[in-house]
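Participant:
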Amino acid sequence: MTLLNTVSRHVFFAVVLLATSPFVAATDTRIQDMSLHDELAQQDALFFQRGFNECDIAYLDATVSPELRFYHDKSGFQDKALFMQNTQKYICGDMANKPIRKLAADSLSTFPLHRDGILYGAVQHGQHQFYFREAGKPDQLTGTARFTSVWLKAGDDWQLSDVLSYDHQPAEVVNSNIQAAAIISLLQKNNVPALGLGIIEHGKLVSTQVYGELTPGTKAPQNTLFKVASLTKPVVTMLTLRLVNAGKLQLDEPLAAYWVDPDLKTDPKHLLLTPRIVLTHQTGFANWRYLETDNRLRFQFKPGTQHQYSGEGFEYLRRALEHKFGQSLEALAQQYVFEPAGMTDTYFWWSQGVNEHRYARNHDSNGKAFETERYYKANAAANLISTVDDYSKFMVFVMAQQQAMPAVYQDMQAHHVGIGPQHYFGLGWEIFSGFPGEQSLLLHSGRDPGVSTLAVFSPQSQNGYVIFMNGDNATAVLEQLLPQLYLGAELWQRN
């Protein structure tokens with residue numbers, strides 16, 4: 066299986082499934098004269114050992130009630146049919162790389178259910194820990210959650226009838242220097258309400274966490290929606306490169322075959338524009354045409370001769386792609402990026418999926434909220450709305466392309482344009498080289514009023530992180546946070 070599939074399942078399991086049990090050997094032999102708590106603890110252990118860790122589907126089917134009702138705070142409601150389908154597809158699809166559940170020590174409680182003095186069931190409550198298991202490696206903690214289960218008597222047997230799975234939290238950040246209390250204090254000191262942090266190690270998402278408040282007194286939830294500004298561009302870059310890898314587009318074909326901006330029709334330099342020139346920011350355009358005195362798009366230099374960062378270039382590429390393929394940017398991104406990366410909570414504009422109650426409003430340097438700007442049209446260079454979970458999945462997906470499309474991936478990280486000493490621009494990514502072990506860093510940032518975002522990774526180690534903030538004083542926070550991250554210390558010193 067590909068790294069992409071491994072990681073996607075690894076992340077999915079950390080947020081989707083119901084309860085866990087100790088990873089210990091268990092047998093079908095019932096112990097007589099045990100307490101109800103001990104009996105249900107053994108039942109819980111047996112259920113998850115055989116049903117999930119060993120993938121005994123027949124046993125699982127017999128133990129789960131036909132009327133199963135499973136409520137999950139992230140993935141919604143599942144009946145038995147959907148539960149069994151997801152288990153076979155996601156839990157048991159690859160026995161060499163699979164999730165494991167372990168019961169948090171001393172967390173299990175049992176409460177009997179009686180009818181007319183006769184025991185007919187029991188409620189079980191506890192906390193479970195999610196691990197990901199790969200052959201030859203130690204189990205990796207990915208998250209925790211609480212569960213409440215209802216077991217009903219079926220003769221001498223028990224059947225799982227109802228499950229609540231909730232309070233899902235990612236694993237604590239491995240770096241002990243990064244403490245939640247310290248981050249929250251740093252945010253408060255600098256009038257930045259919320260921060261989302263995703264950490265990737267060796268191509269696997271090990272932690273995502275949101276710190277701070279959504280509104281005064283209201284904790285920012287794990288699925289907080291952030292505006293990510295120019296971190297829109299890496300998404301459009303990956304879409305473009307996936308189209309190239311699929312043979313549907315060429316990096317050096319003229320965009321004029323599909324789109325010519327009305328402002329440029331009389332300028333023959335428009336014939337030089339290609340996807341490669343756009344992705345390396347060599348179009349010759351200003352960042353935005355409104356920066357020109359007459360609000361018109363023009364070439365400030367011959368395309369391909371020098372580097373100048375331009376959002377207009379990405380918008381030019383968007384129009385060309387939409388005309389060539391007869392589909393919107395949203396539809397193309399869904400097919401080539403969002404769906405294969407497992408991104409389900411990312412939006413180009415304020416569609417119905419954008420829940421304003423989860424949106425992190427942008428704040429000025431004094432901590433005052435800006436009026437929320439709502440956009441109703443996709444922009445290839447800015448305005449993407451996403452969660453730190455979703456964008457971290459995207460970063461894992463980007464790294465997975467090293468195996469999925471090696472030639473295009475190598476071209477992406479090639480030094481196409483020199484910017485400064487050991488500083489380059491590749492296809493859609495800024496590149497710093499010269500780190501120990503011949504490592505390089507690919508990064509992109511986003512900045513708007515009240516918005517500061519950063520995504521960075523090393524193609525060699527496949528370590529990386531995602532940082533979202535919704536305040537103007539984000540630089541002061543980064544100065545303290547970056548040196549504590551495994552990629553951050555040297556990056557901050559270099560900048």
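According to this note's numbering, numbering within the sequence shown proceeds without interruption in unit steps and concludes at 560.
Where a beta carbon is used, it is the ideal one built from N, C-alpha and C, also for glycine.
When the Cα of serine 172 is compared with those of Tyr355, Asp109, Ser517 and Glu119, which residue comes out closest?
Facilitator: Comparing Cα positions, the closest option is Asp109.
Participant: Can you say whether glutamine 365 is buried or exposed, counting buried as having 16 or more other CB atoms within 10 angstroms of its CB?
Facilitator: Looking at its Cβ environment, which holds fewer than 16 other Cβ atoms inside 10 Å, glutamine 365 is exposed.
Participant: In the DSSP assignment, the beta strand (DSSP E) including leucine 534 goes from what residue to what residue?
Facilitator: Reading off the sequence shown, one finds methionine at residue 534, where the question assumed leucine. Start and end: 529-534.
Participant: Give the list of continuous beta strand (DSSP E) stretches no shorter than 3 residues that lie fully inside the segment 103-161.
Facilitator: With a minimum length of 3 residues, the continuous beta strand (DSSP E) runs that stay inside the segment 103-161 are 129-137 and 141-143.
Participant: By DSSP, does histidine 568 sit in helix, in strand, or in coil?
Facilitator: Residue numbering for the chain in the displayed model covers 66 to 560; residue 568 lies beyond these limits and cannot be assessed.
Participant: Judging by CA-CA distance, which residue of Phe435, His102 and Cys120 is the nearest neighbour of threonine 280?
Facilitator: Checking every option, the nearest Cα to that of threonine 280 belongs to Phe435.
Participant: Going along the chain, which residues of its own chain have a beta-carbon closer than 7 Å to the beta-carbon of glutamine 315, five neighbours each way excluded?
Facilitator: Correct list, in chain order: Val309.
Participant: Name the one or two DSSP bridge partners that glutamine 224 has.
Facilitator: Bridge partners of glutamine 224: Leu217.
Participant: Only counting runs of 4 or more residues, tell me where the alpha helix (DSSP H) segments fall wholly within the segment 380-424, in order along the chain.
Facilitator: DSSP runs (the alpha helix (DSSP H)) wholly in the segment 380-424: 394-398.
Participant: Considering Cα atoms alone, identify which of Val301, His233 and Met160 is closest to leucine 492.
Facilitator: Closest by alpha carbon: Val301.
Participant: Tell me, which residues are paired with glutamate 266 by DSSP?
Facilitator: Lys269, per the DSSP bridge assignment.
Participant: Please classify lysine 269: is it buried, with 16 or more other beta-carbons within 10 angstroms of its beta-carbon, or exposed?
Facilitator: By the neighbour-count rule (16 or more Cβ atoms within 10 Å), lysine 269 is buried.
Participant: Kindly examine the ligand SAM and report whether one of its heavy atoms sits closer than 6 Å to the Cβ of lysine 389.
Facilitator: Of the ligands one can find in the structure shown there are none, so the ligand SAM has no counterpart to examine.
Participant: If you draw a straight line from the alpha carbon of glutamine 467 to that of leucine 101, how long is it in whole angstroms?
Facilitator: So the two alpha carbons sit approximately 52 Å from each other.
Participant: Using DSSP with H/G/I as helix, E/B as strand and the rest coil, what is glutamine 315?
Facilitator: Residue state, collapsed to three classes: coil.
Participant: Rounded to the nearest angstrom, what separates alanine 191 and leucine 225 at their Cα positions?
Facilitator: One point to set straight first is that residue 191 is glycine, not alanine, in the sequence displayed. About 15 Å.
Participant: Report buried or exposed for histidine 422, applying the criterion of at least 16 other Cβ atoms within 10 angstroms of its Cβ.
Facilitator: The residue in question, histidine 422, is exposed, as its Cβ has fewer than 16 Cβ neighbours within 10 Å.
Participant: Applying the criterion that 16 or more other CB atoms from any shown protein chain within 10 Å of the CB defines a buried residue, is phenylalanine 135 buried or exposed?
Facilitator: Per the 10 Å Cβ criterion, buried.
Participant: Leaving aside the five residues before and after valine 89 along the sequence, list all residues of the same chain whose C-beta is less than 8 Å from its C-beta, in chain order.
Facilitator: For valine 89, the predicted structure reports a pLDDT of 26, less than 50, and the residue's modelled location is therefore unreliable. A value from the coordinates is still provided. Only Ala110 and Gln114 meet the Cβ criterion.
Participant: Can you give me the start and stop residues for the alpha helix (DSSP H) that threonine 345 sits inside?
Facilitator: From DSSP, threonine 345 is part of no alpha helix (DSSP H); its letter is neither H nor E.
Participant: Could you give the DSSP three-state label for isoleucine 245: helix, strand or coil?
Facilitator: Position check: residue 245 holds alanine in this sequence, whereas isoleucine was assumed. Alanine 245 falls in the helix class under three-state DSSP.
Participant: Would you report the Cα separation of serine 73 and glycine 141, rounded to the nearest angstrom?
Facilitator: Reliability fails at serine 73, whose pLDDT of 30 lies under 50, so the model's placement of it is uncertain and the value that follows must be treated cautiously. Answer to the nearest angstrom: the Cα atoms are 19 Å apart.
Participant: With distance defined between alpha-carbon atoms, name the residue in Phe390, Asp144, Asp126 and Ile122 nearest to glutamate 132.
Facilitator: Of the candidates Phe390, Asp144, Asp126 and Ile122, the one whose C-alpha sits nearest the C-alpha of glutamate 132 is Asp144.
Participant: Contact check, tyrosine 196 vs glutamine 205 under 8 Å by CB: the rounded distance?
Facilitator: Tyrosine 196 to glutamine 205, Cβ: 6 Å. Contact.
Participant: Going by C-alpha to C-alpha distance, which of Ala406, Tyr401, Glu404 and Ser451 sits closest to tryptophan 414?
Facilitator: Of the candidates Ala406, Tyr401, Glu404 and Ser451, the one whose C-alpha sits nearest the C-alpha of tryptophan 414 is Ser451.
Participant: With a CB to CB cut of under 8 Å and the five nearest residues on each side skipped, what residues in its chain are close to valine 293?
Facilitator: Around valine 293: Leu449, Ile450, Ser451, Tyr456, Gly511, Val516, Thr518 and Phe533.
Participant: Is leucine 344 buried or exposed, if buried means 16 or more other CB atoms sit within 10 Å of its CB?
Facilitator: Per the 10 Å Cβ criterion, buried.
Participant: Does DSSP put proline 471 in a helix, in a strand, or in coil?
Facilitator: Here proline 471 sits in helix by DSSP.
Participant: Between which two residues does the alpha helix (DSSP H) holding glutamate 544 run?
Facilitator: Looking at the DSSP string, the run of the alpha helix (DSSP H) that includes glutamate 544 is 539-546.
Participant: Hey, how far is the Cα of alanine 322 from the Cα of aspartate 410?
Facilitator: For alanine 322 and aspartate 410, the distance between alpha carbons rounds to 34 Å.
Participant: Within the continuous beta strand (DSSP E) that includes proline 177, where are the two ends?
Facilitator: Run containing proline 177: 174-180, per the beta strand (DSSP E) assignment.
Participant: In this structure, does DSSP put glutamate 32 in helix, strand or coil?
Facilitator: Limits of the chain in this structure are 66 at one end and 560 at the other, which puts residue 32 out of reach.
Participant: Rounding to the nearest angstrom, what Cα-Cα distance links phenylalanine 522 and glycine 263 in this structure?
Facilitator: Approximately 11 Å, taken between the alpha carbons.
Participant: If we ignore side chains and look at the alpha-carbon of each, how far apart do tyrosine 276 and leucine 260 end up?
Facilitator: Looking at the two C-alpha atoms, the distance is approximately 5 Å.
Participant: Beta carbon of proline 368, beta carbon of leucine 338: below 7 Å?
Facilitator: Yes, they are a contact pair.
Participant: Identify, in the order they occur along the chain, each residue of the same chain with its Cβ nearer than 7 Å to the Cβ of glycine 499, setting aside the five sequence neighbours on each side.
Facilitator: Gln487, listed in sequence order.
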